[in-house]
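In what follows, a structure is listed as structure tokens, so that the remarks can point back to it.
There are 2 protein chains.
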Amino acid sequence: MTNLAHTDSTHEPSLRSWIDSANDPETDFPIQNLPFGVFRVAGTDQRPRIGVAIGECVLDLHRCATEGLLGSVEPEPCCALSATTLNDFLALGRPAWRATRAAVSDLLSASGSRRSDVQALGESILLKRADAELLLPARIGDYTDFYASIHHATNVGSMFRPQNPLLPNYKHLPVGYHGRASSIVISGTPVRRPYGQTMAEGQPGPVYGPCRLLDYELEMGFFVGPANQRGRPVGMATASDHIFGLAIVNDWSARDIQKWEYQPLGPFCAKNFATTISPWVVTLEALEPYRNAGPRRGDDDPPLLEYLQPVQEMGYDITVEAYLSSKRMRDEGMQPLRLSRGTLADMYWTIAQMLVHHTSTGCNLAPGDLLATGTISGKAQTTRGCLLELTWRGEKPLTLPDGTKRSFLDDGDEVIMRAWCHREGAARIGFGECRGIVLPAE
Amino acid sequence: MTNLAHTDSTHEPSLRSWIDSANDPETDFPIQNLPFGVFRVAGTDQRPRIGVAIGECVLDLHRCATEGLLGSVEPEPCCALSATTLNDFLALGRPAWRATRAAVSDLLSASGSRRSDVQALGESILLKRADAELLLPARIGDYTDFYASIHHATNVGSMFRPQNPLLPNYKHLPVGYHGRASSIVISGTPVRRPYGQTMAEGQPGPVYGPCRLLDYELEMGFFVGPANQRGRPVGMATASDHIFGLAIVNDWSARDIQKWEYQPLGPFCAKNFATTISPWVVTLEALEPYRNAGPRRGDDDPPLLEYLQPVQEMGYDITVEAYLSSKRMRDEGMQPLRLSRGTLADMYWTIAQMLVHHTSTGCNLAPGDLLATGTISGKAQTTRGCLLELTWRGEKPLTLPDGTKRSFLDDGDEVIMRAWCHREGAARIGFGECRGIVLPAE
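Chains as they are written, first to last, in the numbering used here: chain Z, 9 to 450; chain L, 9 to 450.
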């Protein structure tokens with residue numbers, strides 16, 4: 009196990025960048041963050057490149073590597089940083105990630121030794137973020153979605169199974185299921201309202217037609233680093249070695265399709281038409297100041313089996329928000345409406361427990377795999393991470409600033425998700441945005 | 009839609025190969041079959057190559073392409089056949105698959121025009137199958153498993169939900185779920201008994217320990233050819249254009265783990281430790297003589313929604329068998345015991361309906377994706393495709409030739425699956441074998 013409790017000068021709240029926008033106290037991407045992503049110059053066919061977000065800019069790591077600017081970084085990570093996805097870099101593990109972070113921090117620091125080398129290369133190495141088209145950060149081999157919010161599981165369970173909302177296994181293992189990797193898209197990709205098979209109550213048979221109950225789910229996802237061998241479960245002591253960092257996930261859900269199809273084998277077509285992720289992967293290194301003990305199990309909760317017992321703190325206090333903006337609101341210049349604000353700290357299971365349980369029968373994870381938390385909902389109404397819960401299955405519609413009501417998503421609606429960490433005495437660490445506009449069925 | 013009802017001289021039952029072993033009436037791989045796979049010379053680090061099985065041999069298609077032996081095949085398929093997996097070739101679609109099949113048939117035919125060119129290259133282009141190490145035929149991006157046998161669904165349902173064995177959606181849509189792509193392994197790979205979390209009846213809490221109820225599931229899987237765009241469902245008329253061919257699938261299942269974890273989101277760790285597939289992909293072209301109208305819906309069955317209504321015959325009459333051999337049986341030279349013999353014709357849904365429903369909400373399939381049928385069980389006891397059904401959850405153990413009994417799999421047991429098509433007036437088309445030995449938990 010590499011010790012996660014590792015803070016160095018890259019975390020120092022007083023550290024400033026020579027890039028002004030990175031010193032804005034409101035920025036998601038100060039020099040203490042340095043999230044990784046993949047981009048190309050917008051409007052070109054350029055080969056995708058790995059970059060780091062800094063203030064309003066993107067630092068081109070491929071260029072940094074070829075210009076010899078990552079001095080202390082070994083040749084292997086430098087080579088991995090010249091790939092078109094993060095997969096090779098993810099495979100290298102924490103020592104390489106930390107060395108790269110330190111080198112990038114030095115390049116961007118106001119007091120850094122190589123600041124002038126970057127400045128000399130100008131826009132060819134440091135783009136404006138607005139000039140970058142952001143792409144999926146990794147080739148996602150397998151995608152898994154968990155169900156780690158006990159509040160979400162209880163709310164949804166009480167709608168679908170009033171007598172039996174929380175199933176007996178829930179407090180013993182992080183329930184999860186395999187999702188669809190091919191339909192994961194990057195923030196900004198429009199999502200077309202799907203057709204699908206549904207069975208309306210009181211009807212004699214199902215119909216195939218446009219989804220009527222389209223929903224989002226506000227989640228976080230984490231990218232897997234080094235693989236484990238098939239047949240070799242990962243233990244809690246080394247779980248964090250396999251976790252590179254986190255991004256925002258919108259697990260679009262067709263509720264009417266889901267309700268009809270999901271038994272007995274789980275969600276399938278109701279989820280596999282699109283899953284949107286935010287482009288910047290925020291590393292566990294950047295999140296170190298926000299790490300904590302994680303969820304406290306209640307006195308009435310059953311004891312945890314040993315293989316899931318925490319051996320280091322693996323909770324992260326990340327605030328997550330969902331906003332909605334109708335087409336009319338955008339046309340009339342209204343601000344998006346915040347629908348919820350929750351926190352990853354409200355989850356019943358940590359990301360380490362999810363990863364460990366995933367491998368508990370020997371499943372092999374690979375660099376670039378994405379594991380998502382499931383909808384992040386807390387106890388309070390304002391913390392509920394999907395419309396199904398917020399409108400209680402449509403029974404209590406929301407009113408938008410344009411005067412219209414919403415039980416579920418309308419065509420033209422844009423869902424915007426944000427996530428960030430902030431507290432006194434530490435730099436704000438943000439995740440950027442995860443956006444998607446609903447196109448009409450066709 | 010390319011017309012599937014296409015028979016040409018490559019199907020002619022009287023066609024003979026100049027390779028003697030291909031003319032054995034018992035062979036799985038006569039010249040009418042020509043299944044595709046990926047191999048390397050056993051015991052070497054050779055770059056994987058695409059090959060075709062013929063009798064007891066493997067024809068090296070990379071070598072055929074570079075030697076200019078695939079005369080009438082366009083440059084693009086020739087290039088795709090030099091790759092290390094079938095994915096690029098799968099992406100090309102039926103016209104390229106057919107042209108390649110015709111060219112290979114000509115090379116191997118006793119009366120073929122280029123027979124001497126192949127013979128001149130000897131073992132450098134035509135290996136003994138025993139000298140080839142077989143590899144996964146494709147890079148499987150996503151793996152999906154269906155539940156298409158109504159007999160299996162009813163049997164299993166009646167064990168887990170006695171009051172409610174067959175759920176209301178079953179006859180309206182092919183129920184399926186996303187599986188784990190990373191843990192798919194090739195026939196012959198040993199499978200270690202997994203550890204996992206289980207809850208025994210009458211116990212106060214769950215335990216984490218070796219699986220006690222390890223099972224196999226006898227299935228067929230099919231490989232996807234050309235992709236569909238995300239958001240664009242595939243219709244029944246063009247479904248076959250997206251299907252390259254079939255292989256045998258063993259969906260290893262940890263029943264005790266499955267029972268505890270599967271609600272509400274479906275099987276997860278109980279299935280993701282290993283799935284074994286047979287190495288040779290038998291094309292729809294080779295199976296053409298065995299194509300039929302597919303399952304007949306009963307008079308009491310509800311009408312099918314239009315998007316799932318057959319527009320061409322997409323049933324395949326493939327016999328599937330499962331055999332078991334204990335370590336003692338192997339040590340004492342006993343033959344494996346046949347546990348079941350069923351047929352794909354007994355399924356409630358066709359592979360075309362599975363593919364169409366999978367894309368019904370717009371899910372994008374990609375070349376190399378694997379879709380499996382779920383356990384193939386018929387009505388009769390002898391056709392049941394897993395031990396859970398054969399021993400009725402362990403209540404009626406089987407007796408093996410070595411005198412021992414089996415409710416579920418023991419360490420050292422080898423599961424062997426075979427599949428083949430045969431009838432008067434057509435060549436036998438076989439799938440080879442799908443094998444795996446159970447190693448003890450450790």
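For glycine and all other residues, C-beta sits at the position ideal for the given N, C-alpha and C.
As assigned by DSSP and simplified to three states, the class of residue i
i: I158 (chain Z); result: helix
i: A255 (chain Z); result: strand
i: R414 (chain Z); result: strand
i: E75 (chain Z); result: coil
i: W428 (chain Z); result: strand
i: Y298 (chain Z); result: helix
i: T407 (chain L); result: strand
i: M167 (chain Z); result: helix
i: P85 (chain Z); result: helix
i: V126 (chain Z); result: helix
i: L112 (chain Z); result: With the sequence shown as reference, residue 112 (chain Z) is identified as Val, and Leu is not the correct amino acid for it. Correct three-state label for V112 (chain Z): helix.
i: M228 (chain Z); result: strand
i: S17 (chain Z); result: helix
i: S248 (chain L); result: helix
i: R336 (chain L); result: helix
i: Q361 (chain Z); result: helix
i: T283 (chain L); result: strand
i: Y151 (chain Z); result: strand
i: D421 (chain Z); result: coil
Nearest candidate by alpha-carbon position, reference residue i, set the options
i: P56 (chain L); options: L:R123, L:R147 and L:I62; result: L:R147
i: Y270 (chain L); options: Z:F154, Z:A353 and Z:R48; result: Z:F154
i: F44 (chain L); options: L:F97, L:D28, L:T74 and L:E82; result: L:F97
i: V126 (chain L); options: L:H430, L:L89, L:T74 and L:W400; result: L:T74
i: I256 (chain L); options: L:E227, L:D421, L:N236 and L:M244; result: L:E227
i: L129 (chain Z); options: Z:R71, Z:R392, Z:C442 and Z:R238; result: Z:R71
i: L378 (chain Z); options: Z:Y315, Z:P234, Z:R137 and Z:D307; result: Z:P234
i: K335 (chain L); options: L:L345, L:D259 and L:T327; result: L:L345
i: G59 (chain Z); options: Z:Q171, Z:G51 and Z:C86; result: Z:C86
Whole-angstrom distance between residue j and residue i, CA atom to CA atom
i: G438 (chain Z); j: V66 (chain Z); result: 15 Å
i: T197 (chain Z); j: T284 (chain Z); result: 8 Å
i: A111 (chain Z); j: L78 (chain Z); result: 6 Å
i: H186 (chain L); j: L174 (chain L); result: 20 Å
i: L408 (chain L); j: G165 (chain L); result: 27 Å
i: V215 (chain L); j: G274 (chain L); result: 20 Å
i: S22 (chain L); j: L352 (chain L); result: 26 Å
i: D419 (chain L); j: A262 (chain L); result: 13 Å
Sub-8 Å separation of residue i and residue j beta-carbons
i: Y356 (chain L); j: A156 (chain L); result: yes
i: S124 (chain L); j: A107 (chain L); result: no
i: W105 (chain L); j: E296 (chain L); result: no
i: R188 (chain L); j: K267 (chain L); result: no
i: V423 (chain Z); j: A330 (chain Z); result: yes
i: S25 (chain L); j: A118 (chain L); result: yes
i: Y203 (chain Z); j: T152 (chain L); result: no
i: D354 (chain L); j: I384 (chain L); result: yes
i: P33 (chain Z); j: R436 (chain Z); result: yes
i: L373 (chain L); j: H366 (chain L); result: yes
i: D139 (chain L); j: V49 (chain L); result: yes
i: N300 (chain Z); j: E314 (chain Z); result: no
i: L363 (chain L); j: L347 (chain L); result: no
Cβ-heavy atom distance, residue i to the ligand FAD, below 7 Å
i: M228 (chain Z); result: Ligands displayed in this structure: none; no statement on the ligand FAD is therefore possible.
8 Å Cβ cutoff, residue i in contact with chain C
i: P103 (chain Z); result: The structure shown contains no chain C; its protein chains are Z and L.
- prompt: Taking Cβ-Cβ distances below 7 Å as the criterion, which residues of the region 189-214 of chain Z are in contact with chain L?
  reply: A189, S190, S191, R200, P202, Y203, G204, Q205, G213 and P214
- request: Could you list the residues in the region 251-273 of chain Z with a C-beta less than 7 Å from some C-beta on chain L, going in chain order?
  value: Residues passing the 7 Å Cβ filter: A262, I265, W268, E269, Q271, P272 and L273.
- prompt: Listed from N- to C-terminal order along the chain, which residues in the region 356-370 of chain Z have their beta-carbon within a distance smaller than 8 Å of any beta-carbon of chain L?
  reply: Result list: H365, H366, S368, T369 and G370.
query: Mind listing which residues of the region 383-400 of chain L have their C-beta closer than 8 Å to chain Z's C-betas, in chain order?
result: none
- prompt: Between the region 319-332 of chain Z and chain L, which residues of the former have CB atoms less than 7 Å from a CB of the latter, in chain order?
  reply: none
field: Cβ-based contacts, 9 Å cut-off: residues of the region 158-186 of chain L near chain Z
entry: Identification of residues in the region 158-186 of chain L having a C-beta nearer than 9 Å to some C-beta of chain Z yields A161, V164, G165, F168, R169, L175, P176, N177, H180, L181, V183, G184, Y185 and H186, given in sequence order.
task: Taking a Cβ distance cut-off of 7 Å, strictly less, list which residues of the region 86-113 of chain L are near chain Z, in chain order.
output: none
task: Select from the region 225-244 of chain Z all residues with a C-beta closer than 7 Å to any C-beta belonging to chain L, and list them in chain order.
output: R238, G239 and P241
query: Listed from N- to C-terminal order along the chain, which residues in the region 273-287 of chain Z have their beta-carbon within a distance smaller than 8 Å of any beta-carbon of chain L?
result: Of all residues in the region 273-287 of chain Z, the ones placed with a Cβ closer than 8 Å to any Cβ belonging to chain L are L273, G274, P275, F276, C277, A278, N280, F281 and A282, in chain order.
- prompt: Which residues, taken in chain order from the region 297-321 of chain L, show a beta carbon closer than 9 Å to some beta carbon of chain Z?
  reply: P310, P311, L313, E314, Y315 and L316
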